[in-house]
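What follows is a short report on a single structure.
Residue numbers (the working numbering): 11 to 163.
As structure tokens, this is what we get:
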């Protein structure tokens with residue numbers, strides 16, 4: 011871990027259009043300003059998967075304005091924890107970083123019904139990660155939750 015008071019997490023998936031976008035949104039929503047969040051991919055898509063956007067919107071988290079980003083060495087260097095999403099993407103290795111691989115189904119080409127269980131599995135893993143980082147999660151995600159980046163009232 012770096013000496014920064016705020017931990018930094020990078021989620022990586024090839025297209026940065028589904029799993030990594032959901033993970034980043036959950037971490038930003040549940041961790042608030044107590045964690046720095048990044049996501050990227052080695053071959054980013056043009057847009058975020060619309061079924062993923064719809065599934066997250068069901069929980070009150072709007073990721074419709076997000077855009078897939080290219081994975082850079084700098085993003086890995088700036089992160090304390092690097093998490094690949096079971097998509098076989100490889101990241102540059104730097105000593106002192108924590109690397110995890112979360113094996114998750116790919117939402118590409120799936121409808122919202124197929125994305126929901128993936129979304130829910132990601133939320134559970136994010137809650138576990140927050141606990142490992144010593145960060146208490148904000149209120150439970152629900153259809154009435156605050157938009158991404160805003161503190162629940």
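Where is the CB? At the ideal position from N, CA and C, for every residue including glycine.
With H, G and I counted as helix, E and B as strand and the rest as coil, what does DSSP make of residue i?
i, result
"residue 50", "strand"
"residue 116", "coil"
"residue 86", "helix"
"residue 58", "coil"
"residue 80", "strand"
"residue 141", "helix"
"residue 125", "helix"
When the Cα atoms are used, what is the spatial distance from residue i to residue j?
i, j, result
"residue 148", "residue 42", "8 Å"
"residue 46", "residue 33", "13 Å"
"residue 112", "residue 94", "6 Å"
"residue 59", "residue 85", "22 Å"
"residue 102", "residue 83", "6 Å"
"residue 144", "residue 16", "11 Å"
"residue 141", "residue 121", "31 Å"
"residue 77", "residue 63", "11 Å"
"residue 61", "residue 124", "9 Å"
"residue 110", "residue 19", "11 Å"
Spell out the partners DSSP gives residue i in its beta bridges.
i, result
"residue 111", "94"
"residue 18", "46"
Could you say which of the options lies nearest to residue i if we only look at CA atoms?
i, options, result
"residue 24", "50, 36 and 18", "50"
"residue 146", "40, 27, 80 and 76", "40"
"residue 54", "119, 31, 16 and 139", "31"
"residue 26", "137, 57 and 124", "57"
Residue i and residue j look like a contact to me (Cβ under 8 Å); what is the Cβ gap, rounded to whole Å?
i, j, result
"residue 96", "residue 114", "5 Å"
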